[in-house]
Structure formats: structure tokens, C-alpha cells
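Chemist:
In C-alpha cells, the structure reads:
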């Protein structure tokens, strides 16, 4: 019954009658994975579809690296999500990315032969299943396209020579909000070394309505959800955070929406952190050059 409840919650199986899902659950093989364990690797043959019953899974591309393996996250999946769908579309197709357990997780594995046996029992069932599969894959493509557009727009901003982190974060905040779905408000905070506090540099939308306790909460070293509507994006520094964004949506987000927001903002946070570090480096170089000039002129 737990398997059936999970299957009924999946978008991929939304059009399948409950009595048919009950027969599908008989083919599912519970498969546990430990934190960090590889579920499948990019380039290997795909033979199974996986449903997440417990825990989270990272879908990631491996990046060229001479040191320890480095990955670019494409998605963070949660209970109720499924992955490995492309192995159903083309037999002997290679996996296009790595799947890695993020924390201990329990997956329900469905092999291609078992899926075909289930679908052969009803031609109408097979049509409904693959029709829904195409819709799910189209949704993945749309989200990927949106993210590429965001990253392109963001890259154009990061190429500009901003004089300070405040100006950078103001521009970036406006760019991010223009790409986020739903009714969002947000604020950009920058660390002020003179009073050892985070100063509000910019606010968008109905930011005044965000609870003060969320605004005042001291940022940790990593980004996180403060509740089901509020996400804080932290820009870490050598000694302390150099700033952060606080995003809040008018309506609560579903688990899948939260995963998408987390992945997108985590990716952009890395880029912004690097840009802030570059600003600090350029500022130090400018001050050092001025000091050397002053010393030279003093000797003359």
C-alpha cells in the first residue's frame, strides 16, 4: 500500500487508474543506497527506472578534474520523484548523467522488461503511460531552457566591472526575480565591516511583509530554506558571509518546486560568490598600487 500511495503521487503515472497501479507495484524492487553511493554512472547502459521512496538523489554531470571527482548538479530529487526515464525511450541507451544518493535513501527499482510486461497487459495503458512520459520529459527540457537563459543573462551582468558588492547584488537580484516563476519578493544584504552587520542593499516586491525574524536571522555558511516559502542564498567569505539574498514567495512551494529553486539558486550563488571575490581582489590591487605610488612620490 505504501508503494501504491507513492505511485499515485507521481506525475509520470497521473493518468493511470489505481487498479493498474496496484499491479505495477508488484514489479517494484526496494533498493537502499547509502549517502554518497553511486546509483548509476554517466555512460553506462540504462536498464531501469527508479522511484524515490525515501531520501534524496543528485543528478549530476561529472566535470573534467585532475584531483578528486567534481560534479555539476542538474537536479536534486526528493521522495515522489522518479529518474532514469530515458532508458525507457531507447533500448541500450547510455545514461546521460550520474545519479548519486544524497543521504541514505530507499529507491523502488523497475526494470525495462518488467515495465514492458506490465504495459503489454493493456494497449490503452501503454499509450497513456508514454504520453505522460513525453509530457514529463518536455517539462525537463523547458526548465533546462529557462535555466540556460538565466545563466546567460547573469553572465552578461557578471562581466561588468562593478566597483563594490552592493552594486553587483542589486543588479543580480533584479535579474533573478525576472526569471523566477510565481509571486516573489526579495532583499539583498551586504556585509558592512564598519558596524559588523548585514545592511539591506535592495528590496524587490512586497519585501516589507517578510517577517522580521526571518530578516534578522544570522546567516549560516550555507544556503537553506527558512520555511516552506522562504529561501536564503548565502555568499560565503574567508571569515564570514559577504552577503545574502532572502527570497520569499507569496504561496508555499511544493517539494518539487523547492528542489528546482534550490538547484538554480545554488548554481547562481557560486557564480556570485566568485564575482564578489574578484571585486575584493581588484579593490586590494588598486589600494596596493596607490600605496606604492604614494611611497614612490614620498621618496622623490
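In the numbering used here, the protein residues as written are 198 to 497.
Positions of the beta carbon are idealized from the N, C-alpha and C atoms, including for glycine.
Go through its chain and collect everything with a Cβ distance to residue 309's Cβ below 6 Å, but skip five positions before and after it.
Modeler: Correct list, in chain order: 244.
Chemist: Could you pull the start and end residues of the beta strand (DSSP E) that residue 234 belongs to?
Modeler: Neither: residue 234 is in no beta strand (DSSP E) and is coded neither H nor E.
Chemist: To the nearest whole angstrom, what separates the beta carbons of residue 472 and residue 365, a pair I think is in contact under 8 Å?
Modeler: 6 Å between Cβ atoms; contact.
Chemist: Buried or exposed, going by whether 16 or more other CB atoms sit within 10 Å of the CB of residue 300?
Modeler: Residue 300 is exposed by the Cβ-count criterion.
Chemist: State yes or no: is the C-beta of residue 226 within less than 7 Å of the C-beta of residue 306?
Modeler: Yes, Cβ-Cβ distance for residue 226 and residue 306 is below 7 Å.
Chemist: Quick check: residue 432 and residue 469, are their CB atoms within less than 7 Å of each other?
Modeler: Yes, Cβ-Cβ distance for residue 432 and residue 469 is below 7 Å.
Chemist: Please name the residue, chosen from 370, 395, 253, that lies closest to residue 383 on a Cα-to-Cα basis.
Modeler: Per the Cα distances, 370.
Chemist: So, using beta-carbon positions, are residue 274 and residue 280 closer together than 7 Å?
Modeler: In contact: residue 274 and residue 280 (Cβ atoms closer than 7 Å).
Chemist: Could you check how far apart the C-beta atoms of residue 362 and residue 439 are, in whole angstroms? I think they sit under 8 Å.
Modeler: 6 Å between Cβ atoms; contact.
Chemist: Just verifying my parser: in three-state terms, what is the DSSP assignment at residue 349?
Modeler: Three-state DSSP puts residue 349 in a helix.
Chemist: Taking DSSP as the reference, what is the three-state secondary structure of residue 404?
Modeler: It is helical.
Chemist: Specify, as a first and last residue, the run of the alpha helix (DSSP H) that residue 217 falls within.
Modeler: Run containing residue 217: 215-221, per the alpha helix (DSSP H) assignment.
Chemist: Quick one: measure Cβ to Cβ for residue 208 and residue 333, integer angstroms, because I've assumed they're closer than 8 Å.
Modeler: Confirmed, Cβ separation roughly 6 Å.
Chemist: In the DSSP assignment, what are the bridge partners of residue 337?
Modeler: Partner(s): none; residue 337 has no beta bridge.
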